[in-house]
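Undergrad: Okay, here's the structure, questions in a sec.
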Amino acid sequence: MCEPAIDLRILGAVQLTVNGTAVRLEPRQATVLAIIAAAGGEVASTELAGRFGVNGSATLRSYRARLRDSAGLELVKRNEHAMQQLLVARDAVDLWRFQTKIAGCVGLPPHRRLPLLREAAECWQGPPLDGLDSRWVHDEVAELRTTGRRAFLELIGLSLEHEGPEPASDHAERASELFPDDDEIRAALWWTWARCGRVRAIADDLDRREKLPAGLGRPSLMVLRKEAKTRIAEARQVSEAVPARMPHLLPPVRSKVHGRHAELVFLDSLTDQDSETRVVTVRGLGGLGKTELAVSWGHRVAAQFPDGVLFADLGGFSPSGPAQLEVVLTDFARQLGIPVGDDVVSAYRTAVNTRAILVVLDNARDHQHAAELLAAGEHSRTVITTRAAVTAPAVADGRVLALSPITPEASLEVLREAIGEAKIKEEPFAAAKLMAACGGIPLAVRLVAAQAQLNPGVSLERLLDRLGSASAVLGAKPEGETALRDSLALSYGPLSAEAARVLQISALHPGPEISLDVIPFLSGLPASSAEDAVDELLRGSLLDPLPEGRFRLHDLVRAFARERAFAELSPDEVSMIREELLGWLLAAARLCDRALRSGRELPGDLVVSDGAPLPDPANEEEGRQWFESEHDTLLAVLDSPDFLPYKTYRWRLPLALCCYHTRNGPWPTAERLLISASKITKDELDEPERTRYQAVCHRVLGNIQRKLRKFGAAERSLETSITLAEGIDDPLETANGHQQMSALQEDMKKWEVARHHATVAGRLYEALADARGVAATLPTEIHCHLELGEPGRALERESFAVDLMTRASTPYNRGALHRVLMDCHLRLERFEEAALHGEAARACYLESGAPTNEVRVLAVLAQAYRAAGRAEDELRALRDFVSCYGRLRQREPEDRQLYTTVKSRLAARGA
417 MCEPAIDLRI LGAVQLTVNG TAVRLEPRQA TVLAIIAAAG GEVASTELAG
467 RFGVNGSATL RSYRARLRDS AGLELVKRNE HAMQQLLVAR DAVDLWRFQT
517 KIAGCVGLPP HRRLPLLREA AECWQGPPLD GLDSRWVHDE VAELRTTGRR
567 AFLELIGLSL EHEGPEPASD HAERASELFP DDDEIRAALW WTWARCGRVR
617 AIADDLDRRE KLPAGLGRPS LMVLRKEAKT RIAEARQVSE AVPARMPHLL
667 PPVRSKVHGR HAELVFLDSL TDQDSETRVV TVRGLGGLGK TELAVSWGHR
717 VAAQFPDGVL FADLGGFSPS GPAQLEVVLT DFARQLGIPV GDDVVSAYRT
767 AVNTRAILVV LDNARDHQHA AELLAAGEHS RTVITTRAAV TAPAVADGRV
817 LALSPITPEA SLEVLREAIG EAKIKEEPFA AAKLMAACGG IPLAVRLVAA
867 QAQLNPGVSL ERLLDRLGSA SAVLGAKPEG ETALRDSLAL SYGPLSAEAA
917 RVLQISALHP GPEISLDVIP FLSGLPASSA EDAVDELLRG SLLDPLPEGR
967 FRLHDLVRAF ARERAFAELS PDEVSMIREE LLGWLLAAAR LCDRALRSGR
1017 ELPGDLVVSD GAPLPDPANE EEGRQWFESE HDTLLAVLDS PDFLPYKTYR
1067 WRLPLALCCY HTRNGPWPTA ERLLISASKI TKDELDEPER TRYQAVCHRV
1117 LGNIQRKLRK FGAAERSLET SITLAEGIDD PLETANGHQQ MSALQEDMKK
1167 WEVARHHATV AGRLYEALAD ARGVAATLPT EIHCHLELGE PGRALERESF
1217 AVDLMTRAST PYNRGALHRV LMDCHLRLER FEEAALHGEA ARACYLESGA
1267 PTNEVRVLAV LAQAYRAAGR AEDELRALRD FVSCYGRLRQ REPEDRQLYT
1317 TVKSRLAARG A
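Just so we're aligned, residue 417 is where the sequence shown starts under my numbering, counting upward by one.
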């Protein structure tokens, strides 16, 4: 049953509604509710009885009973402390809602207090406890008036400062209605009217007050008349200050805006009659087209601002420094025809808050830089552009528009307009690659398009050779200057030494993302200094924040920061940073590979520096998560020409990645890395370690090639591995090679050969007392017995194999055993046993994070359920297959064929 919706209002006439229906209250009922609500929810029974001049609890019990009868539910009860308690939620009473809003203002900056104060003011519907007998609620009324007038006076003051005189006068007029005999409210009302130029309103209010009887606390008529005279003079000055002309200071549109339809609609909120937005801040990286967007939109809507359009470049990120505020204010005032006196700020504010003016403030350092120039009156609007990553709006009714790079389609449209459709159709690939190198930065796009225009006889393919990378685009200068590099330099120049170093470190880190944890380690800065530097880069839009404490550099920013790193750091420093990064990646990857229980150990001769933020994975899932987060960085390191000299890391990192790759499916990537690793001679190791790790590289390469169904290449790699291991008389690596060869021959359906290699591997493992190795050979051995028509032999070791796997192997290998046993029981038409092993196999692959194997198990498990007559379980398995298939990174032909079969079965089931 739903809780009743109760609304009790005491800030005005006392009203009670229950489930939207007004409850008729007797005077004493209303008074009881009001007194308890005003006291915070409970009042001593003796105090309440004394208030009404009654004795005993019987009368109060009668009041409670009548309230219950009127409202249809119990509203007040006497608790164990002899207190009369109001039984409603905190949000059910307007006073409590008001108090919550006021409490929420504590410690907030003005622009965040203002909306809360507005919401608090809306709780007031009239004078507090209006209509109740003052004998009973005199103290409550006095306290509520004090609290209310204080809130309204703060609201009027903040509104006048941040919104302008017209909204402030609205609040003051409402406060005057609620507190008609309050002289501070009256003074605030006259002051806002004066700022609005409302001469008649002040005079009329003075005339009304002169006719009122003298009241306690009200100033004398002489004082009132003197104040009114001053305010009327100020109001007349405002009303008579008309512009000599309508300025239109927007510069011409330098380039057409492309790909910004959504952003233009966002700016249109400034002129939407139903919107309260008065200031929009457009923020983003230099070169994103903030100025062009603001100026283009300003020209579009200029006619909606009959008193003029003002524009100023505030120079917030200018090599000559920011513009002087006094100079800009004076110029604006003159453009508006305002006599400039000593208080130019007040004169300007008065004008923009009483007229219809658009102000465009370009290249502000931040909001504080533009604060005195904002126009946010009833009919005026402001657009600010800044590179600073501001998050909060400039004013209470403001919004922030964060620009992102434009789409590839929009970039191509710029190029199309520059060189024509025909040339793009001739070389679509080169055109697309050129625009991709620009990274969606409109300035870069325009520079490349201008370069293509400069020499129209040059093919786009040739231009791609010249400008096909971020670093090349950075140097593009079709008009003789490197405009993009110069633009980014304006953001880089003001950085502190610490922020500049962190930016350089982030650029030398080749991955698309960098973790906050690794920045202090690579930069050598204390953690607090590194975090301050990151904040500085975020504020300058040079670093993009991502979830989980990670950050990203735009490719063009990365290219620029790399240039600065190579110019400002010595080659030894750059090399040291790269080696620290490699050492951290290898040490962390080894730890996480152990968490995956690969059983593979790498040489321990490379030790990571102190302070490295190494993970501490407690289980396979945590190890896999680290690989997921740093996978792209690992690939970037291994693919980057910058890291080619670091051979000792270039073969170890692929081995540390191999278990993760084997289970998670990016097998072509793993093959490419392992081929490279197998070609590195590993000269830093002595024999026999050097040859042993060559054998390891060939073995894991062969296993990946097996998964890619490249059986010939896999066989050659595994034969090489076995030969190398036998050559140094290493029985463990020899056994590992035979075990992998048995799995390959099993996939090739060469059952006798597969069984032979499994048997050889098993004997070697037994001699080494390696239970895990023995367990790894069992799935292949059992499968071969089955395929060779020996199902009895296949299952005679079932319990032994399951027990050994449980004790000595990994979830991944246990999954392989249960998968084989599922197939065995399915062929022997033991469908329930097959389903049990299928469920166990799926659970193992889920635990080890092997989605490809999980998908393949689900397809067979659905067959087992169907054969066992378990229709609902079959349907669930089919649906789980489809869901898991959608998450596969790589889909082999076998997987696609299974998907087709599953979808057909689902269709046949009508699902």
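Glycine is no exception: its CB is placed at the ideal position from the N, C-alpha and C atoms.
Using the Cβ count rule (16 or more neighbours within 10 Å means buried), how would you classify Lys645?
TA: Stepping through the sequence shown from its first residue, residue 645 is reached at position 229. Classification for Lys645: exposed.
Undergrad: To the nearest angstrom, how far is the alpha carbon of Leu1143 from that of Phe982?
TA: Position 727 of the sequence shown, counted from the first residue, corresponds to residue 1143. Position 566 of the sequence shown, counted from the first residue, corresponds to residue 982. Reading off the sequence shown, one finds Gly at residue 1143, where the question assumed Leu. Their Cα atoms are separated by approximately 47 Å.
Undergrad: To the nearest angstrom, how far is it from the Cα of Ala660 to the Cα of Ser922?
TA: Walking along the sequence shown from the start, residue 660 turns up at place 244. Walking along the sequence shown from the start, residue 922 turns up at place 506. With a pLDDT of 45 at Ala660, under the threshold of 50, the modelled position of that residue is not reliable, and the figure given next carries that caveat. Taking the straight line from one Cα to the other gives about 54 Å.
Undergrad: Excluding sequence positions up to five away, which residues of its chain have a Cβ less than 8 Å from the Cβ of Arg974?
TA: For the purposes of this step, residue 974 is taken as the residue at position 558 of the sequence shown. Counting only Cβ-Cβ distances below 8 Å, and skipping sequence neighbours, we find Ala886, Ser922 and Ala923.
Undergrad: State the Cα-Cα distance for the pair Val658 and Gly613, rounded to the nearest angstrom.
TA: Residue mapping note: residue 658 aligns to position 242 of the sequence shown, counting from 1. Residue mapping note: residue 613 aligns to position 197 of the sequence shown, counting from 1. Per-residue confidence for Val658 stands at a pLDDT of 46, beneath the threshold of 50, marking its modelled position as unreliable; the derived number appears in the next sentence. Roughly 12 Å separates the two Cα atoms.
Undergrad: Roughly how many angstroms lie between the CA atoms of Val1212 and Glu1263, to the nearest whole one?
TA: By 1-based counting over the sequence shown, the position of residue 1212 is 796. By 1-based counting over the sequence shown, the position of residue 1263 is 847. It should be noted that the sequence gives Glu, not Val, for residue 1212. For Glu1212 and Glu1263, the distance between alpha carbons rounds to 27 Å.
Undergrad: Would you mind giving the Cβ-Cβ distance between Ala1293 and Leu1274, rounded to the nearest angstrom? I have them listed as a contact below 8 Å.
TA: Indexing the sequence shown from 1 puts residue 1293 at position 877. Indexing the sequence shown from 1 puts residue 1274 at position 858. With 8 Å as the limit, Ala1293 and Leu1274 qualify as a contact, their Cβ atoms being about 5 Å apart.
Undergrad: Compare the beta carbon distance of Ala1210 and Leu1202 with 8 Å and say whether it is the shorter of the two.
TA: Residue mapping note: residue 1210 aligns to position 794 of the sequence shown, counting from 1. Residue mapping note: residue 1202 aligns to position 786 of the sequence shown, counting from 1. Yes. Within cutoff.
Undergrad: Do you know offhand how far Gln740's Cα is from Leu730's?
TA: As a working mapping, residue 740 is identified with position 324 in the sequence shown. As a working mapping, residue 730 is identified with position 314 in the sequence shown. When rounded, the distance between both Cα atoms is 8 Å.
Undergrad: Quick check on this structure: which residue in Ser796, Thr798, Arg797 and Ala818 has the alpha carbon closest to the alpha carbon of Val806?
TA: In the sequence shown, counting from the first residue as 1, residue 806 sits at position 390. Checking every option, the nearest Cα to that of Val806 belongs to Ala818.
Undergrad: Helix, strand or coil for Ala584, going by three-state DSSP, please let me know.
TA: As a first step, residue 584 must be located in the sequence shown, where it is residue number 168. DSSP places Ala584 in helix when its eight states are reduced to three.
Undergrad: Between Leu449 and chain D, is there a C-beta pair that is closer than 8 Å?
TA: The chain inventory of the structure shown lacks chain D, comprising one protein chain alone.
Undergrad: Quick one: using the 10 Å Cβ neighbour count with 16 as the cut-off for buried, is Arg878 buried or exposed?
TA: For the purposes of this step, residue 878 is taken as residue 462 along the sequence shown, with counting starting at 1. Exposed.
Undergrad: Take Glu794 and list the residues in its own chain whose beta-carbon comes closer than 6 Å to its own, dropping the five residues that flank it on each side.
TA: To locate residue 794, count along the sequence shown from 1; it is residue 378. Answer for Glu794: Glu582, listed in chain order.
Undergrad: Is the separation between the beta-carbon of Leu1030 and that of Ala1004 shorter than 8 Å?
TA: The residue you call residue 1030 lines up with position 614 of the sequence shown. The residue you call residue 1004 lines up with position 588 of the sequence shown. Yes, the Cβ-Cβ distance between Leu1030 and Ala1004 is below 8 Å.
Undergrad: So, using beta-carbon positions, are Leu890 and Leu900 closer together than 8 Å?
TA: Within the sequence shown, residue 890 is the residue found at index 474, counting from 1. Within the sequence shown, residue 900 is the residue found at index 484, counting from 1. Against a cut-off of 8 Å, the Cβ pair of Leu900 and Leu890 comes out as a contact.
Undergrad: Using C-beta distances below 7 Å, list every residue in its chain close to Leu637, excluding the 5 sequence neighbours before and after it, in chain order.
TA: Translated into positions along the sequence shown, residue 637 becomes position 221. For Leu637, where only same-chain residues beyond five positions count, the Cβ hits under 7 Å are Glu626.
Undergrad: Classify His674 as helix, strand or coil using the three-state DSSP reduction.
TA: Position 258 of the sequence shown, counted from the first residue, corresponds to residue 674. DSSP places His674 in coil when its eight states are reduced to three.
Undergrad: In chain order, what residues of the same chain lie with their CB nearer than 7 Å to the CB of Arg1079, ignoring the 5 residues before and after it?
TA: Translated into positions along the sequence shown, residue 1079 becomes position 663. Closer than 7 Å at the Cβ level, and outside the excluded window around Arg1079, lie Tyr1228, Ser1264, Gly1265 and Ala1266.
Undergrad: Would you list, in sequence order, the uninterrupted alpha helix (DSSP H) runs of no fewer than 4 residues that lie entirely inside the segment 899 to 945?
TA: If we require 4 residues or more, the alpha helix (DSSP H) runs fully inside the segment 899 to 945 come out as 899 to 908, 913 to 924 and 934 to 939.
Undergrad: What do you get for Asp723, buried or exposed, if any count of 16 or more other CB atoms within 10 angstroms of its CB means buried?
TA: If you number the sequence shown from 1, residue 723 lands on position 307. The residue is buried, with at least 16 neighbouring Cβ atoms inside 10 Å.
Undergrad: Leaving out the 5 sequence neighbours to the left and right, which residues in its chain are closer than 6 Å to Leu876 when beta-carbon positions are compared?
TA: Against the sequence shown, residue 876 aligns to sequence position 460. Result list for Leu876: Glu843, Ala846 and Ala847, in chain order.
Undergrad: Less than 8 Å between the CB atoms is what I'm expecting for Val874 and Val918, so what's the real figure, rounded?
TA: Along the sequence shown, read from residue 1 onward, the residue named residue 874 stands at position 458. Along the sequence shown, read from residue 1 onward, the residue named residue 918 stands at position 502. At roughly 39 Å, the Cβ-Cβ gap does not stay under 8 Å, so Val874 and Val918 are not in contact.
Undergrad: Measure the Cβ-Cβ separation of Cys1260 and Gly1231 and say whether it is below 8 Å.
TA: What you label residue 1260 is simply residue 844 of the sequence shown in a count that begins at 1. What you label residue 1231 is simply residue 815 of the sequence shown in a count that begins at 1. For Cys1260 and Gly1231, yes; Cβs fall inside 8 Å.
Undergrad: Ignoring anything shorter than 3 residues, give me the beta strand (DSSP E) runs that lie fully in the segment 675 to 727, in order along the chain.
TA: Those beta strand (DSSP E) runs which fall completely within the segment 675 to 727 and span 3+ residues are 695 to 699.
Undergrad: Taking 6 Å as the limit between beta carbons, can you name the residues of its chain near Ser1225, skipping five residues before and five after?
TA: For the purposes of this step, residue 1225 is taken as residue 809 along the sequence shown, with counting starting at 1. Once the five neighbours on either side are set aside, the close Cβ partners of Ser1225 are Arg1188 and Ala1191.
Undergrad: If you measure between the beta carbons of Ser486 and Gln445, is that distance less than 8 Å?
TA: One-based indexing of the sequence shown puts residue 486 at position 70. One-based indexing of the sequence shown puts residue 445 at position 29. For Ser486 and Gln445, yes; Cβs fall inside 8 Å.
Undergrad: Looking only at DSSP bridge pairs, what is Gln501 linked to?
TA: Taking the sequence shown and counting its residues from 1, the one referred to as residue 501 is at position 85. Answer is Glu458 and Lys493.
Undergrad: How is the alpha helix (DSSP H) around Pro525 delimited, first residue to last?
TA: For this step, residue 525 is matched to residue 109 along the sequence shown. It is not in any alpha helix (DSSP H) - Pro525 carries neither H nor E in the DSSP assignment.
Undergrad: Taking the C-alpha atoms as reference points, what is the distance between Glu692 and Ala865?
TA: Walking along the sequence shown from the start, residue 692 turns up at place 276. Walking along the sequence shown from the start, residue 865 turns up at place 449. Approximately 40 Å between the Cα atoms of the pair.
Undergrad: Alpha carbon to alpha carbon, how far is Leu752 from Gln653?
TA: Locating residue 752 in the sequence shown gives position 336, counting from the first residue. Locating residue 653 in the sequence shown gives position 237, counting from the first residue. Computed Cα separation, rounded: 15 Å.
Undergrad: Identify whether Leu998 lies in helix, strand or coil by the three-state DSSP scheme.
TA: Looking up residue 998 in the sequence shown gives position 582. Leu998: helix per DSSP, three-state reduction.
Undergrad: Can you check DSSP and say which residues form a bridge with Ala429?
TA: Here residue 429 refers to the residue found at position 13 of the sequence shown. Paired residues: Asp546.
Undergrad: For Gly814, report the span of its beta strand (DSSP E) as first-last.
TA: Start at 1 with the first residue of the sequence shown, and residue 814 comes out as number 398. That run of the beta strand (DSSP E) goes Gly814 to Ala818.
Undergrad: How long is the line joining the alpha carbons of Ser671 and Val830, rounded to whole angstroms?
TA: For this step, residue 671 is matched to residue 255 along the sequence shown. For this step, residue 830 is matched to residue 414 along the sequence shown. In a straight line, the C-alpha of Ser671 is about 10 Å away from that of Val830.
Undergrad: When you compare only the Cα positions, how much space is there between Thr1268 and Leu1220?
TA: Taking the sequence shown and counting its residues from 1, the one referred to as residue 1268 is at position 852. Taking the sequence shown and counting its residues from 1, the one referred to as residue 1220 is at position 804. Looking at the two C-alpha atoms, the distance is approximately 25 Å.
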